[in-house]
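Residue numbers (the working numbering): 495 to 696.
Presented below is the structure to which this report refers.
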């Protein structure tokens, strides 16, 4: 379910709280405008926040004109969400924004006025986690029992200037279920089709 404003967030969370037995994995999209009371409720209900980091770039131009000053500190407040115990996952809302996860990671680390509070930015490790971890049993790690879904990039992103995330030649290879599906330098043989399987989500 998606929301933008704090009023909508309050209504959705109130409805979730009435579900007998709770919701197995509540996922709420956007979570753009919140408040301290709503952060506490999200954490208490184990809500996963599906955020779109690129929104903070495109929305910054009109956010100050539309939002009361008191709400700006709780707009796109990713660090406050994390500190309150809310798990954040990165998305794009494509085609509204680019589906490129590297752009999303970059935007999670950079903000524009009036939403440019550096305390709400993520460092690279957390920005990377937005787009990799939290599918706990199957994806997000190179480990036994996990699907071998991973990419090979050209630059050491931990040591490099973060602008390398936007480089056109960043992505070199893509593996899905251990099979190479893309190679920037060679054309691999046509691989077998992907196996159709259940997502594993409730």
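Idealized CB from N, CA, C, for every residue including glycine.
Where does residue i fall in DSSP's three states?
i, result
"residue 620", "helix"
"residue 597", "helix"
"residue 592", "coil"
"residue 651", "coil"
"residue 676", "strand"
"residue 528", "coil"
"residue 696", "Model confidence at residue 696 stands at a pLDDT of 48, short of 50, so the residue's coordinates are unreliable and nothing is read from them."
"residue 533", "helix"
"residue 644", "strand"
"residue 564", "helix"
Report the CB separation of residue i from residue j in whole angstroms; it is logged as a contact under 8 Å.
i, j, result
"residue 551", "residue 613", "Contact doesn't hold; Cβ gap of about 18 Å is too wide."
Could you say which of the options lies nearest to residue i if we only look at CA atoms?
i, options, result
"residue 597", "661, 667, 532", "661"
"residue 522", "646, 514, 503, 516", "503"
"residue 678", "663, 571, 639, 672", "663"
"residue 589", "676, 639, 560, 549", "549"
"residue 649", "676, 515, 639, 665", "665"
Which same chain residues, not among the five before or five after residue i, have their C-beta less than 8 Å away from its C-beta?
i, result
"residue 554", "605, 606, 607, 608, 609, 610"
"residue 565", "500, 527, 529"
Which same chain residues end up closer than 6 Å to residue i when comparing Cβ atoms and leaving out the 5 residues on each side of it in sequence?
i, result
"residue 696", "Because residue 696 sits at a pLDDT of 48, beneath the cut-off of 50, its placement in the model cannot be relied upon, and the point is left open."
Output needed for residue i: all residues of its chain with C-beta closer than 7 Å, excluding positions within five of it in sequence on either side, in chain order.
i, result
"residue 546", "524, 585, 586, 587, 591"
Could you check whether residue j and residue i sit closer than 8 Å to each other, using their CB atoms as the reference points?
i, j, result
"residue 533", "residue 602", "no"
"residue 583", "residue 628", "yes"
"residue 543", "residue 580", "yes"
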